[in-house]
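Notes follow the structure.
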Amino acid sequence: MIPRLYVSCGDPNGIGPDIAEPALRAVADQAQVILCIPQELTALYRWPARAFKQTQRETGLFFHPTESNPDYLYQPGQFSVQAGKLAFFSFQSAVQLTKEDPFSALLTLPVNKKSFIAAGSPVAGHTELIGLLLKEAEPLMILLNDQMRVALLTVHIPIMKVSQAITPDRIRSRTLAFEKSLRTDFGIEKPAIAVLGLNPHAGEDGSIGTEEKLVMEPTLAELRADGLNVEGPFPSDGFFGNKQYSRFDGILAAYHDQGLIPLKLSGMDLGVNFSAGSQIVRTSPDHGTAYDIAGKGLANPSSTREAARLALHVLSKRHQV
Numbered sequence: 000m001i002p003r004l005y006v007s008c009g010d011p012n013g014i015g016p017d018i019a020e021p022a023l024r025a026v027a028d029q030a031q032v033i034l035c036i037p038q039e040l041t042a043l044y045r046w047p048a049r050a051f052k053q054t055q056r057e058t059g060l061f062f063h064p065t066e067s068n069p070d071y072l073y074q075p076g077q078f079s080v081q082a083g084k085l086a087f088f089s090f091q092s093a094v095q096l097t098k099e100d101p102f103s104a105l106l107t108l109p110v111n112k113k114s115f116i117a118a119g120s121p122v123a124g125h126t127e128l129i130g131l132l133l134k135e136a137e138p139l140m141i142l143l144n145d146q147m148r149v150a151l152l153t154v155h156i157p158i159m160k161v162s163q164a165i166t167p168d169r170i171r172s173r174t175l176a177f178e179k180s181l182r183t184d185f186g187i188e189k190p191a192i193a194v195l196g197l198n199p200h201a202g203e204d205g206s207i208g209t210e211e212k213l214v215m216e217p218t219l220a221e222l223r224a225d226g227l228n229v230e231g232p233f234p235s236d237g238f239f240g241n242k243q244y245s246r247f248d249g250i251l252a253a254y255h256d257q258g259l260i261p262l263k264l265s266g267m268d269l270g271v272n273f274s275a276g277s278q279i280v281r282t283s284p285d286h287g288t289a290y291d292i293a294g295k296g297l298a299n300p301s302s303t304r305e306a307a308r309l310a311l312h313v314l315s316k317r318h319q320v
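Heads up: the sequence shown at position 282 corresponds to 281 in numbering that gives the first Met the number 0, and the numbers run straight through without jumps.
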């Protein structure tokens, strides 16, 4: 059976039109790659205006028509609610198609979170919206490159709200979801997981914040008693500075930038975002719309290419007998 990779178009004013075709052409001999987009925008994305049909038997690049927006005007590098609407329409369509197609995966091109919300999304990020659309628990955001795999305990919330969001239930559920994904999606039999502390020096035994001592340490002890190979909480600066991540299969960061800054410094061009714990396989490039270089021919398609390869790899593993 030929796998299908549905692709949401992202913000057309960003670098999506620059990276889609060169990145996804790399897997077009392995899958049916279907960009969800109005037909009139296929030329902007340099995409074949070849509509996908379920009876299709060959691999290649196709498109699935989504809702048009006659008010949209291409303005590379510019914020636009109309561009956000196209991104939102495309994403909803791509999620539904992937849900209904058992041998398919989803790749999402970058959106501008402000225009995405203005267009009608109730949440800022793809990861959270997938959970709402599929009526499932919020998937776990895992970001990875050839150096490390980083999952996020908290995602798109303000720093001032991170502490109250770090609860025993969240630590337990996120760690268990991470461990399961490392086993089932990445084929690691007994994954070793490191958990990063929230405070400087991981709280210094409660003298610089008590989240580690009162919340993290007892919960991690319970998880170890249940048989998980989990360590921490580690002070994040020393953990990355001393390359302790090389000892672990996965790292659970307390908040967004704590995990993503070191990951992107170690290899942003190959970074991929993966939504673990969802009923569908979903990946995306590990970068945003890059308005500053949109339409200038400067965008690097490598991250999107790696996201496509990972999506097909995980899809294959989930369908292994």
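Glycine residues also receive a C-beta, built at the ideal position from the N, C-alpha and C atoms.
Check: Which partner residues of Asn228 appear in the DSSP bridge assignment?; Outcome: Ala191
Check: Residues bridged to His155 by DSSP?; Outcome: BP columns for His155 are empty, so no partner.
Check: Cα separation between Arg317 and Pro121?; Outcome: 30 Å
Check: Can you find the residues in the same chain that come closer than 7 Å, C-beta to C-beta, to Asp100, ignoring five residues on each side of it along the sequence?; Outcome: Arg3
Check: Quick test of your reading: Thr126 and Val154, contact by CB under 8 Å. State the CB separation rounded to the nearest angstrom.; Outcome: 6 Å
Check: What does the alpha-carbon distance come out to for the pair Ile1 and Ala307?; Outcome: 15 Å
Check: Hey, how far is the Cα of Gly76 from the Cα of Gly294?; Outcome: 8 Å
Check: Please specify which runs of the beta strand (DSSP E), each continuous and at least 3 residues long, are wholly inside the stretch 253-312, giving them in chain order.; Outcome: 271-275 and 280-284
Check: Nearest to Val194 by alpha carbon, out of Ser235, Asp184 and Leu133?; Outcome: Ser235
Check: Express the C-alpha separation of Pro167 and Ile187 in angstroms, rounding to a whole number.; Outcome: 25 Å
Check: If we ignore side chains and look at the alpha-carbon of each, how far apart do Asn228 and Arg45 end up?; Outcome: 47 Å
Check: Using the rule of at least 16 other Cβ atoms within 10 Å of the residue's Cβ for burial, across every protein chain shown, is Thr107 buried or exposed?; Outcome: buried
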